[in-house]
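These notes concern the structure reproduced below.
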Amino acid sequence: MKITVIIILLSIIAGHVQGQINVDSVMRADSSLKAALKKRNLTLEGYVDVYYSYAASHPAGGTRPYVVNYSRDNEINLDLAYLSLKYTSDRIRAAFTPGFGTYMNANYSVERQTLENIVEAYVGIRLFKDKNIWLDGGVFSSPYTNESVFSFDQPTYTRSLGAENTPYYLTGAKLTVPLGPLWTIYLYLLNGWQVIQSQHDPLDGGSQVEYKPNDKWDVNWNTYIGNESSTTNPGFKRRFFTDGYAVYTPSAKWTFTADAYSGWQQVAGNSGSQTRNWWNVNACARYMFIPGNSISVRVEHYDDPYEILEKAVTAATSFKLSSASLGYNLSVTDDAMIRCEARYFKSPAGIYPLRNGTDADQDLWLTIGLTARLR
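Numbering follows the working numbering, with no gaps: position 226 of the sequence shown is 230.
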């Protein structure tokens with residue numbers, strides 16, 4: 005599926021297609037559009053992730069707690085779809101990516117009006133002609149954990165508990181400073197922890213140190229520090245978060261990745277200020293046994309005993325959850341995949357509400373998805 009698909013859809017919407025579509029005309033239009041965009045240093049990309057998933061807990065209302073990806077139960081739905089327009093030149097870069105789907109509904113619920121549909125929107129300037137130092141401002145993807153929201157690029161189809169409880173997007177300014185061919189440092193000045201519109205004063209900060217010694221290894225260490233006081237959590241004060249992950253690809257058949265992080269939240273109360281901790285660890289592997297066919301496994305544990313980031317929707321007073329998953333991935337083409345995954349959750353407390361009014365300490369998901377990149 006190429007950019008031709010987008011041209012056909014736009015033509016239909018505009019009413020320029022009547023009767024049978026002339027494929028040769030579409031292909032010529034495709035080539036003309038690509039040439040015009042390339043001439044102006046522009047690229048147009050698309051992404052569609054459609055899924056069906058069923059949970060043993062079968063939550064009332066059809067929305068699963070504790071996740072923002074693949075959150076709708078027992079229905080075919082759209083997790084994320086976007087069109088992205090990007091500009092790149094020697095000194096300037098920019099991107100505008102509006103998105104739609106159940107992920108956007110769940111993860112952008114605190115944003116207002118048109119901000120609810122921004123996956124990315126930033127502009128960057130290369131500060132010096134002879135140095136690859138960039139200053140970007142706007143909304144951009146988060147560096148935290150070994151996973152992003154775009155499932156196509158991930159070893160497993162669903163996102164880990166660790167990734168679901170850290171920012172998928174950030175808003176502010178980012179300074180990129182290469183330190184030779186192996187090391188790169190990124191410095192962030194941010195509006196807050198996964199928000200576009202700031203919830204507090206002053207601004208927050210973050211950092212990323214990336215080490216890539218060769219094509220097989222990608223090692224990262226990230227930090228975040230800021231005051232997280234807001235109308236939702238007025239008692240929250242200083243937050244510090246540190247995250248480390250590595251991706252190892254020894255061959256075309258194998259991919260390994262692991263992540264560990266810990267956070268500390270200062271909470272003010274009637275008895276004074278206290279510091280609360282949460283942490284996560286996960287490990288994942290993918291093995292391609294036949295070209296285009298692979299299996300993936302993941303084990304993980306997320307521990308938030310004081311419910312700083314994740315609160316149980318039942319009477320449980322602590323949130324701890326472990327998970328294991330097994331998936332099969334079929335690459336139909338380089339730009340389209342069919343993926344199936346079974347995922348089991350286990351908690352020491354009953355955190356899953358059932359329709360009969362009781363709680364369960366475990367859940368099982370069966371998820372299948374079709375994902376495509378349009379470019």
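We put the CB at the ideal spot given by N, CA and C, even for glycine.
- Message: Only counting the same chain, and skipping five residues up and downstream in sequence, which positions put a Cβ closer than 6 Å to that of P147?
- Response: Start at 1 with the first residue of the sequence shown, and residue 147 comes out as number 143. Shown here for P147: same chain residues with a beta carbon closer than 6 Å to its own, the five before and five after excluded, namely Q212 and N226 in chain order.
- Measuring CB to CB, does L165 end up less than 8 Å from S327? On the sequence shown, residue 165 is found 161 positions in, with the first residue counted as 1. On the sequence shown, residue 327 is found 323 positions in, with the first residue counted as 1. Yes, Cβ-Cβ distance for L165 and S327 is below 8 Å.
- Candidates V52, E314, N121 and A376: which alpha carbon is nearest N284's? Along the sequence shown, read from residue 1 onward, the residue named residue 284 stands at position 280. The shortest Cα separation from N284 among V52, E314, N121 and A376 belongs to E314.
- Would you kindly report the start and end of the unbroken alpha helix (DSSP H) that includes A316? As a working note, residue 316 is residue 312 in the sequence shown. Element bounds for A316: n/a, residue is neither H nor E.
- For K257, does the three-state DSSP call read helix, strand or coil? Reading the sequence shown from its first residue, position 253 is the one you call residue 257. K257 falls in the coil class under three-state DSSP.
- Leaving out the 5 sequence neighbours to the left and right, which residues in its chain are closer than 7 Å to S75 when beta-carbon positions are compared? For the purposes of this step, residue 75 is identified with residue 71 of the sequence shown, where counting begins at 1. So the qualifying residues of the chain are T67, R68, T106 and A110.
- Query: So what does DSSP say about G19, is it helix, strand or coil?
  - Reply: The residue you call residue 19 lines up with position 15 of the sequence shown. Here G19 scores only 44 on pLDDT, less than 50, and its place in the model is too uncertain to base an answer on.
- Message: By DSSP's criteria, T424 is part of a beta bridge. Which residues make up the other side?
- Response: Summary: the structure shown does not reach residue 424, with the chain confined to residues 5 through 379, and so no result is reported for it.
- Query: Roughly how many angstroms lie between the CA atoms of T180 and H62, to the nearest whole one?
  - Reply: Walking along the sequence shown from the start, residue 180 turns up at place 176. Walking along the sequence shown from the start, residue 62 turns up at place 58. Each residue's alpha carbon lies about 45 Å from the other.
- Item | Extent of the continuous alpha helix (DSSP H) to which L368 belongs | Looking up residue 368 in the sequence shown gives position 364. From DSSP, L368 is part of no alpha helix (DSSP H) but of the beta strand (DSSP E) over Q366 to L378.
- Query: So, are the CB atoms of V153 and T175 less than 8 Å apart?
  - Reply: Your numbering for residue 153 matches position 149 in the sequence shown. Your numbering for residue 175 matches position 171 in the sequence shown. Taking 8 Å as the Cβ cut-off, V153 and T175 do not qualify as a contacting pair.
- Task: Taking 8 Å as the cut-off, decide whether the C-beta atoms of D53 and D83 are in contact.
- Result: By 1-based counting over the sequence shown, the position of residue 53 is 49. By 1-based counting over the sequence shown, the position of residue 83 is 79. The Cβ atoms of D53 and D83 sit closer than 8 Å to each other.
- Task: Determine the extent of the beta strand (DSSP E) in which P248 is found, giving its start and end residues.
- Result: Locating residue 248 in the sequence shown gives position 244, counting from the first residue. First, the amino acid is wrong: residue 248 is Gly here, not Pro. Membership of G248 in the beta strand (DSSP E) is indicated by the continuous run F240 to Y252.
- Message: Check this for me: beta carbons of A64 and D367, under 8 Å apart or not?
- Response: Residue numbering aside, residue 64 sits at position 60 when the sequence shown is read from its first letter. Residue numbering aside, residue 367 sits at position 363 when the sequence shown is read from its first letter. Taking 8 Å as the Cβ cut-off, A64 and D367 do not qualify as a contacting pair.
- Can you tell me which of T160, F100 and R95 puts its alpha carbon nearest to the alpha carbon of M341? Here residue 341 corresponds to residue number 337 of the sequence shown, with the count starting at 1. Residue T160 is the option with its Cα nearest to M341.
- For the 8 Å Cβ check, are there 3 or more pairs between the segment 260-277 and the segment 285-294? Yes, the segment 260-277 touches the segment 285-294.
- Cα-Cα separation, K133 to R95: As a first step, residue 133 is located in the sequence shown; it is residue number 129 there, counting from the start. As a first step, residue 95 is located in the sequence shown; it is residue number 91 there, counting from the start. Here the alpha carbons of R95 and K133 stand approximately 7 Å from one another.
- Task: Report the option in E304, I137 and A125 whose CA atom is closest to the CA atom of T188.
- Result: Here the question's residue 188 lines up with position 184 in the sequence shown. Ranking E304, I137 and A125 by Cα distance to T188 puts I137 first.
- With Y55 as the anchor, note down where its alpha helix (DSSP H) starts and where it stops. Locating residue 55 in the sequence shown gives position 51, counting from the first residue. In this chain, Y55 is not harboured by any alpha helix (DSSP H); it is covered by the beta strand (DSSP E) spanning L46 to A59.
- Message: Looking at the strands, I want to know which residues DSSP matches up with N226.
- Response: Position 222 of the sequence shown, counted from the first residue, corresponds to residue 226. BP columns for N226 point to Q212 and D247.
- For T236, is the classification buried or exposed, using 16 other Cβ atoms within 10 angstroms of its Cβ as the cut-off for buried? Reading the sequence shown from its first residue, position 232 is the one you call residue 236. T236 should be labelled exposed.
- Task: Kindly indicate the opening and closing residues of the alpha helix (DSSP H) around Y107.
- Result: The residue labelled residue 107 in the question sits at position 103 within the sequence shown. Counting along the chain, Y107 sits inside the alpha helix (DSSP H) bounded by residues T106 to N111.
- Item | Opposing strand residues paired with T92 [DSSP bridges] | Counted from its first residue, the sequence shown places residue 92 at position 88. DSSP lists R97 as partners of T92.
- Return the residue from the list V72, E115, L48 and R343 that minimises the CA-CA distance to S88. Taking the first residue of the sequence shown as 1, we reach residue 88 at position 84. The shortest CA-to-CA distance from S88 to any of V72, E115, L48 and R343 is the one to L48.
- First and last residue of the alpha helix (DSSP H) that includes E168? Sequence index remark: in the sequence shown, residue 168 carries index 164 (1-based). It spans L165 to E168 - the alpha helix (DSSP H) in which E168 sits, taken as one unbroken run.
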